[in-house]
Amino acid sequence: IKAAYKQAAKSAHPDAGGSNEKMQEVNAAWEVLGNAQKRAEYDARMAA
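Written as structure tokens, this is what we have:
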């Protein structure tokens with residue numbers, strides 16, 4: 007997951023031609039997926 011985040015952040019970063027909005031989306035996803043407890047809560051919500 008961390009490697010995928012780094013790759014997405016590299017391409018979405020405004021300095022690399024991405025947009026602020028896309029970078030915010032990538033960071034929001036990382037905030038959930040990078041935290042085991044938040045990821046478990048997300049998975050439980052999606053399974054319901």
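Positions in the sequence shown are counted from 1; adding 6 to them yields this note's numbering. Heads up, the beta-carbon is just placed ideally off N, CA and C, and yes, glycines get one too. Keep in mind it's a predicted model, so treat the numbers as computed, not measured.
Whole-number beta carbon distance between residue j and residue i, since they are thought to touch under 8 Å
i, j, result
"Y48", "V38", "5 Å"
"K28", "A22", "10 Å between Cβ atoms; not a contact."
Residue i - containing alpha helix (DSSP H), residue span
i, result
"A15", "K8 to A18"
"N33", "N26 to L39"
"A46", "A42 to A53"
Nearest residue (CA-CA) to residue i, options the options
i, options, result
"Y11", "A35, P20 and K44", "A35"
"K8", "A42, A54 and A46", "A42"
Classification of residue i by the beta-carbon crowding that lies within 10 angstroms, buried from 16 upward
i, result
"A50", "exposed"
"A18", "buried"
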